[in-house]
Each structure stands twice: as structure tokens, then as C-alpha cells.
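Below is one structure, written out as C-alpha cells; comments come after it.
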Amino acid sequence: MSDPVRRQLLRLGTLAAAAAPLARASGAAAAGRGGPRFPDAWFPVTDHGAVGDGVTDCTAAVRAAVHACHRAGGGHVLIPAGLWATGPIHLLSGVDLHVAEGATVLFSTDPSAYLPVVRTRWQGVEVFNYSPMIYAFGQHGIAVTGRGTLDAQSDNAHWWPWKGSGQYGWEPGMPHERTDWATLEQWGAQGVPLTERVLGAGHYLRPSFIQPYMCADVLIEGVTLRNSAFWNVHPVLSRDIVVRDVRVECEGPNSDGCNPDSCENVIIERVTFATHDDCIAIKSGRDQDGRRVGVPSRHIRIRDCVYLSGGAAVAIGSEMSGGVSDVVAQRLRLPFDADLGEASVASVLVVKSTPTRGGYVRDIRVTDVDVPAWTYVPFEVTFQYAGDTGGATPAEVTGLSAARWSVRGPCEYPVRVRARPEAPVSEVTLDRLVFDEAAQDILLQSVTGLTVRQVTVNGVAQEGSS
1 MSDPVRRQLL RLGTLAAAAA PLARASGAAA AGRGGPRFPD AWFPVTDHGA
51 VGDGVTDCTA AVRAAVHACH RAGGGHVLIP AGLWATGPIH LLSGVDLHVA
101 EGATVLFSTD PSAYLPVVRT RWQGVEVFNY SPMIYAFGQH GIAVTGRGTL
151 DAQSDNAHWW PWKGSGQYGW EPGMPHERTD WATLEQWGAQ GVPLTERVLG
201 AGHYLRPSFI QPYMCADVLI EGVTLRNSAF WNVHPVLSRD IVVRDVRVEC
251 EGPNSDGCNP DSCENVIIER VTFATHDDCI AIKSGRDQDG RRVGVPSRHI
301 RIRDCVYLSG GAAVAIGSEM SGGVSDVVAQ RLRLPFDADL GEASVASVLV
351 VKSTPTRGGY VRDIRVTDVD VPAWTYVPFE VTFQYAGDTG GATPAEVTGL
401 SAARWSVRGP CEYPVRVRAR PEAPVSEVTL DRLVFDEAAQ DILLQSVTGL
451 TVRQVTVNGV AQEGSS
């Protein structure tokens, strides 16, 4: 961990401990209590000139309400029922952005609205880029709550074409992100100082939807997120985070549902995902830049979530050069929904990396999984992921456990682990797993310390412990 990052995290810890009642005790105990609490003080955006007609720009009014709430010692910034057009919302300590039932926040699709640039992380590499739609930097005791809707309004005419894919509205001659992403990858690989990594205006890296950056004691609860430009809930270098009773709806490119990125003490519960990319993807930085920052993701609890569409229900990586450990996912449901345009969810658990990304994945447990729908490979570990910009060693992967899975829909491989002889995956436990319609047998390459208990594939019991 670099000294500036370490100092910032230590500072946040001191602030959080000293800021009662806005912030509770740190660590898993705080997350177990359900996140931050706020004074019963309300700051309606309408008191600051906001008009809920879906046309009037409410950016200044929302900003004024956030600042008033913060100055008063904390409370709730209320967005009442109606349609509210706005640019980015930057939260401050002690502020709960409460989006009431019947309210829809419509975020601007004009990239210039998301300037000036802010410090962010884009696919695991730090950069100054467009502000996320909802952003906080170095704050504590913050929340986004309510039964309303946050709509980034991205589509094949706004934000998504920057992907550079005809599937998302891009046509030859239109700008795309590939050049900027190649530049950022090189900056990270070459150790270019962060202050010199500035994109934003005239560049094409899409912003995340909700991003607390170097924050402590964060709650995201109840809201529906729609049509994100990029990743949806993306906490970075933050701790004590609760994401609860949220619904994520987006079939755009890179529409990951929730990506804890170098974060500690995270609870994700009762969230419904209908995405195109991974539903939950746990990350910790990419290649050299991830190792430079050197902050792992750890102590993450996932429970009672529903996965309607997407890549993996739970993915580790591929940007995980800072390490990932102690992840427990329980009671996951992957139902079949014929009304969705996506073909269910590709995997339950995926650990993915490049051959030489480095880092580690330790102690991952996924239990009590119900899958009546199609999946491609329910349990997968692969080092064949693309996008490496240099390194010397593969990731260390050890301590993977799957227990009590009922996979009744069709799949290709029930379990597929493809490791290299020089870096085997170790201590894998498969316990009480049922796969009813697998096209292939279990495939294990370079696995040590394998334990198999009561695993059946197409009604045939698999070999026991080894």
C-alpha cells in the first residue's frame, strides 16, 4: 500500500471513530448494525429551488441541499415524488440522499455535466476522469436510500456507443474508449504519477454510477438503478459498506451490478440483479497499478440475492492484483425468467485472472444455491482472461468451497478449473452439489487438495475425497 493511500485510510478511520452519531463502530460490527444512522433532520431539494418536472436542471438545488444537510450535522436530503433532472451528485459526510417512492432522478447524458474530473478507478487503474453520477471522496457516514429510481438514461445514443461496439450504437467514425483505455493501461504499467493521469473532456471512458471513493460507513438501500453508463455500485478503497434491497437493471456494456474494489467489511444482501455483465464482481486493482496501491478486498458477505441475468452471480477478478480474501456468499437464487432478453446467468462463481496478473484469492465460500435456469459453467476458475499489461506470476488461488448447490437447469461444464502446473489451485471443496443437465464432465486441471463429497452429475455420483 502506498504511503498516501495508507495515510488517507488511517485518517478516515480516525474521522469515523470520532464522528458519532454519524458513524458507528468500525469493522464488521458496524456493518452488522445496518450501516450509518442519521439525525431526524430533513432537507427537501424543493426548499432550494428544485422542480420535479423532469426538465428543469436541479443540479444546483441538490448540491445546496447536500451542503445544508452536512453543515447542520447530518440528516436526509429528500428527493420527493416526481421527475428530477440533474447532473452528478456529490455526497458529504453525514448525508443520506433519500429518493422517495415515486421519485425518479434522471441524470444528464451530457458528458460535460460530469466535469471537472475527479479521482476514480477505471477497470482497476487510478485516473482523473468524469465524475460518477453519485460520488463521494473521503467522506464518512453517507447513504443513498429510498424506494425511488435512479436512471442514468444511458442507451445506444448516450454513453454506450463509447464502448466501440455496433451492438451498442457505435458506428465507424464515431469516438470510442479503446484508445483512452490503452493509454490508461500504459500509464498504470509505466507508473505515471496519478496527478498526470487526466482524461475527462475530449476522452471516452464512461463513468460509474455510484462510487464512494476512500469512504467509511456507507449504506445503499432500497433504490432501483437503471441504465448505467458503466459499473453500477462501485465502492473503491472504502470500508464498512452495506448494499441492501437494491434492484439493478441494465443490459448495457460493462453493466456490472456491484463491484467492491479494494474494500473491507462489505455486506450485499437481498439485491436483485438484471445486468449484462457480472452481477457482483470483487476486485482490487489491475496489474502494476493494483500492486502499487496494494489494498485487498476482504471480509465480504453476500446473502439472499436474486440473479436474473448477467455474467457471473459472484465473480472474483479479473482485476484483483491487490488480493481478495474471506468472501462468503449464501442463499443465492438464479431463477428462469422468460421475459428477460438475456439468457439467465452464465455462472454462479467465477475466479478469473490473466496468466501473470499476480495477487491472491483466498477463502471463498458459496453455499445454498438454487439454479433452475440455464448456466454456462456454474463453478469456474480460469487464468485465460485477456488484458494483461505485464507481470511475472499468476495469482495464488486457494481455499475455494462450494456447498449445497442445486443446479437443475442445463449447463456445459458443471465445474471447470483450468490452472497451470506451476501455479495449481489448492484446497478446493465440492460438497453436496447436484447438476442435473451437464453436457460435459467435471474438468480439473492442476488442482491440489481436492475434496469431493456427495456430488452428482446427471445422476452419477462423482469420485470421493482425494
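Take 1 as the starting number for the sequence shown in the numbering used here and just add one per residue. Every residue gets a Cβ at the ideal spot worked out from N, C-alpha and C, and that includes glycine.
Practice prompt. Name the one or two DSSP bridge partners that Q330 has.
Written response: Numbered from its first residue, the sequence shown carries residue 330 at position 330. Beta-bridge pairing links Q330 to R303 and T367.
Q) Out of curiosity, what's the CA-to-CA distance linking T456 and L430? A) The sequence position of residue 456 within the sequence shown is 456, counting from 1. The sequence position of residue 430 within the sequence shown is 430, counting from 1. For T456 and L430, the distance between alpha carbons rounds to 10 Å.
Exercise for the section: Assign V248 to buried or exposed, taking buried as 16 or more other Cβ atoms, counted over all protein chains shown, within 10 Å of its Cβ. Expected result: On the sequence shown, position 248 is the one that residue 248 refers to. Its Cβ being crowded by 16 or more others within 10 Å, V248 is buried.
Query raised in the report: Who does V144 pair with in a DSSP beta bridge?
Result: Sequence index remark: in the sequence shown, residue 144 carries index 144 (1-based). L97 and I220, per the DSSP bridge assignment.
For V198, count neighbouring C-beta atoms within 10 Å of its own C-beta (all shown protein chains included) and say buried if the count is 16 or more, exposed if not.
Numbered from its first residue, the sequence shown carries residue 198 at position 198. Label assigned to V198: exposed.
Boundaries (first-last residue) of the beta strand (DSSP E) holding W84:
Taking the sequence shown and counting its residues from 1, the one referred to as residue 84 is at position 84. Note, W84: beta strand (DSSP E), G82 to T86.
Q. Can you tell me where the beta strand (DSSP E) with W42 in it begins and where it stops?
A. If you number the sequence shown from 1, residue 42 lands on position 42. Residues W42 to P44.
**Prompt:** L194: buried (16+ other C-beta within 10 angstroms of its C-beta) or exposed?
**Reply:** To locate residue 194, count along the sequence shown from 1; it is residue 194. Answer is buried; the Cβ neighbour count reaches 16.
- Query: If we ignore side chains and look at the alpha-carbon of each, how far apart do P212 and G102 end up?
  - Reply: Start at 1 with the first residue of the sequence shown, and residue 212 comes out as number 212. Start at 1 with the first residue of the sequence shown, and residue 102 comes out as number 102. Just so you know, the alpha carbons of P212 and G102 end up roughly 25 Å apart.
Q) Out of C258, G359 and L308, which has the shortest C-alpha to C-alpha gap to A315? A) Translated into positions along the sequence shown, residue 315 becomes position 315. Answer by Cα proximity: C258.
Buried/exposed call for R121, threshold 16 Cβ in 10 Å = The count along the sequence shown starts at 1 and reaches residue 121 at position 121. So R121 ends up on the buried side.
- Message: I need the boundaries of the beta strand (DSSP E) containing H76, first residue and last residue.
- Response: Start at 1 with the first residue of the sequence shown, and residue 76 comes out as number 76. G75 to I79 is the span of the beta strand (DSSP E), which, as asked, contains H76.
For this session: Taking all protein chains shown into account, decide if G138 is buried (16 or more other Cβ within 10 angstroms of its Cβ) or exposed.
Result: Taking the sequence shown and counting its residues from 1, one reaches residue 138 at position 138. Counting Cβ neighbours within 10 Å, G138 comes out buried, since at least 16 surround it.
Nearest-angstrom Cα distance between V118 and L184? Position 118 of the sequence shown, counted from the first residue, corresponds to residue 118. Position 184 of the sequence shown, counted from the first residue, corresponds to residue 184. Between the alpha carbons of V118 and L184 lies a gap of roughly 15 Å.
Q.
Closest to R244 by C-alpha separation, out of T451, E269 and D261, would be which residue?
A. Position 244 of the sequence shown, counted from the start, is the residue given in the question as residue 244. When only C-alpha atoms are compared, the closest one is E269.
task: Round the Cβ separation of M133 and P161 to the nearest angstrom and send it over; I've been treating them as touching at under 8 Å.
output: Walking along the sequence shown from the start, residue 133 turns up at place 133. Walking along the sequence shown from the start, residue 161 turns up at place 161. No, M133 and P161 are not in contact; Cβ-Cβ is about 18 Å, not under 8 Å.
* Using CA coordinates, which residue listed in D151, V351 and H203 is at the minimum distance from T86? -> As a first step, residue 86 is located in the sequence shown; it is residue number 86 there, counting from the start. Answer by Cα proximity: D151.
*Uninterrupted beta strand (DSSP E) stretches inside the stretch 249 to 276 (no shorter than 3 residues)*: 264 to 269 and 272 to 275
Residue of P80, Q123, G73 and Q153 minimising C-alpha distance to T109
In the sequence shown, the residue the question calls residue 109 occupies position 109. It is Q153.
Open item on the list: Can you tell me which residues form a DSSP beta bridge with G310?
Closed with: To locate residue 310, count along the sequence shown from 1; it is residue 310. Looking at the DSSP assignment, G310 forms a beta bridge with V345.
Review point. Closest Cβ-Cβ distance between T354 and chain D: below 9 Å?
Key: The structure shown contains no chain D; it holds only a single protein chain.
Examine the Cβ distances between the stretch 436 to 451 and the stretch 408 to 424 and report whether three or more of them are shorter than 8 Å.
yes
Checklist line | DSSP bridge partner residues for A65 (one or two, in chain order) | finding: In the sequence shown, residue 65 corresponds to position 65, counting from 1. In the DSSP output, where bridge partners are listed per residue, A65 has none listed.
With respect to the alpha helix (DSSP H) encompassing R291, which residues constitute its N-terminal and C-terminal limits?
By 1-based counting over the sequence shown, the position of residue 291 is 291. Per DSSP, R291 belongs to the alpha helix (DSSP H) from D287 to V293.
Quiz item: Alpha carbon to alpha carbon, what distance is there between E196 and F128?
Solution: As a working note, residue 128 is residue 128 in the sequence shown. As a working note, residue 196 is residue 196 in the sequence shown. Approximately 9 Å between the Cα atoms of the pair.
From D155, R37 and D287, residue whose alpha carbon lies closest to that of V144:
Stepping through the sequence shown from its first residue, residue 144 is reached at position 144. Nearest C-alpha to V144: R37.
task = Inspect the beta-carbon positions of W159 and A113 and report whether they are closer than 9 Å.
result = Here the question's residue 159 lines up with position 159 in the sequence shown. Here the question's residue 113 lines up with position 113 in the sequence shown. In this structure, A113 does not lie closer than 9 Å to W159 by Cβ.
* To do: Return the CA-CA distance between S309 and G409, expressed in angstroms with no decimal places.
  => The residue labelled residue 309 in the question sits at position 309 within the sequence shown. The residue labelled residue 409 in the question sits at position 409 within the sequence shown. Using only the alpha carbons, I get a separation of about 14 Å.
### Query
For the putative contact between V348 and V369, defined by C-beta atoms under 8 Å, what is the C-beta separation to the nearest angstrom?
Against the sequence shown, residue 348 aligns to sequence position 348. Against the sequence shown, residue 369 aligns to sequence position 369. With 8 Å as the limit, V348 and V369 qualify as a contact, their Cβ atoms being about 6 Å apart.
Classify T195 as helix, strand or coil using the three-state DSSP reduction. Residue numbering aside, residue 195 sits at position 195 when the sequence shown is read from its first letter. Helix.
Open item on the list: Quick check: what's the CA-CA separation for K163 versus A346?
Closed with: Against the sequence shown, residue 163 aligns to sequence position 163. Against the sequence shown, residue 346 aligns to sequence position 346. Whole-angstrom Cα-Cα distance: 22 Å.
- request: Take D155 and list the residues in its own chain whose beta-carbon comes closer than 8 Å to its own, dropping the five residues that flank it on each side.
  value: The count along the sequence shown starts at 1 and reaches residue 155 at position 155. So the qualifying residues of the chain are G169, N227 and G252.
Item to check | Secondary structure of Y135, DSSP reduced to three states | outcome: Within the sequence shown, the letter at position 135 stands for residue 135. Y135: strand per DSSP, three-state reduction.
Original post:
From G82, V428, G311 and R292, pick the residue whose C-alpha is nearest to that of Y376; which is it?
Top reply: Here the question's residue 376 lines up with position 376 in the sequence shown. When each option's Cα is compared against that of Y376, the closest is G311.
Going by Cα to Cα distance, which pick from L205, V192 and R365 is closest to W181? As a first step, residue 181 must be located in the sequence shown, where it is residue number 181. Checking every option, the nearest Cα to that of W181 belongs to L205.
Measuring alpha carbon to alpha carbon, tell me which residue in V246, M320, H176 and V407 is nearest P335.
Position 335 of the sequence shown, counted from the start, is the residue given in the question as residue 335. With distances taken between Cα atoms, P335 lies closest to V407.
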